[in-house]
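Residue numbers (the UniProt record's numbering): 1 to 151. Virtual Cβ for every residue (Gly too), placed ideally from N, Cα, C. Please read these numbers as outputs of a predicted model, since none were measured by experiment. Below is one structure, written out as structure tokens, with a few remarks after it.
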């Protein structure tokens, strides 16, 4: 399965994410993206095709046809915003295609609250050796191949 970048930004290694749950791979492995500092707003798109398993303003999980869940967490500790700064365009159970717009994220709101806008993209319950990076580029565009997952 190929996981695509859900937003444009700088590629960040998971170990560098400012949250130990993600940095230590406790929920799974993948990569992270730091949105471009000059941007105030970003539309986050589906990283894979599948069914929306979980939808919250600050995070979502898309279940691929293989059964694997891909979590995209929009910033760190952004649950504290209680939805402020996020506009959700899908609901739990919706079928989506990779690249479909799912959530608009107001980066100004996130940053004004003193929170990190870093967005982990995680294959739930995956092992580190199941993830193969597909790009060495530092600057990533939305929809670009990010990594492959092997079961």
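- Message: Here's a check: name, in chain order, each residue in its chain whose Cβ is nearer than 7 Å to the Cβ of residue 101, leaving out the five neighbours to either side.
- Response: Locating residue 101 in the chain shown gives position 101, counting from the first residue. Cβ within range, chain order: 43, 45 and 89.
- To which residues does DSSP link residue 100 through a beta bridge? By 1-based counting over the chain shown, the position of residue 100 is 100. Beta-bridge partners of residue 100 (DSSP): none assigned.
- Hey, which unbroken runs of the beta strand (DSSP E) at 3 residues or more fall wholly within the segment 8 to 92? Within the segment 8 to 92, the complete beta strand (DSSP E) runs of at least 3 residues are 9 to 12, 28 to 34, 41 to 45, 50 to 56, 59 to 63, 69 to 73 and 86 to 88.
- Task: Would you kindly check if the distance between the Cβ of residue 55 and the Cβ of residue 120 is under 9 Å?
- Result: If you number the chain shown from 1, residue 120 lands on position 120. If you number the chain shown from 1, residue 55 lands on position 55. No, they are not a contact pair.
- Message: Among 18, 23 and 7, whose alpha-carbon lies nearest the alpha-carbon of residue 33?
- Response: Residue mapping note: residue 33 aligns to position 33 of the chain shown, counting from 1. Selected option, being the one with the closest Cα: 7.
- Message: Let me make sure I understand the geometry here. Which of 3, 31, 95 and 137 has the alpha-carbon closest to that of residue 13?
- Response: Indexing the chain shown from 1 puts residue 13 at position 13. Checking every option, the nearest Cα to that of residue 13 belongs to 31.
- For residue 113, the nearest candidate out of 97, 145 and 75 (CA to CA): On the chain shown, position 113 is the one that residue 113 refers to. Out of 97, 145 and 75, 75 has the C-alpha closest to the C-alpha of residue 113.
- Message: Can you find the residues in the same chain that come closer than 6 Å, C-beta to C-beta, to residue 69, ignoring five residues on each side of it along the sequence?
- Response: The count along the chain shown starts at 1 and reaches residue 69 at position 69. Within the same chain, residue 69 has close Cβ partners 53, 61, 63 and 124.
- Spatial distance of residue 80 from residue 19 (CA atoms): Within the chain shown, numbered from 1, the residue matching residue 80 stands at position 80. Within the chain shown, numbered from 1, the residue matching residue 19 stands at position 19. Roughly 14 Å separates the two Cα atoms.
- Candidates 2, 144 and 132, of which the one nearest residue 66 by Cα: Counting from one through the chain shown, the residue named residue 66 turns up at place 66. It is 2 whose Cα lies nearest to the Cα of residue 66.
- Item | Environment of residue 5 [buried if 16+ CB atoms lie within 10 Å] | On the chain shown, residue 5 is found 5 positions in, with the first residue counted as 1. Residue 5 should be labelled buried.
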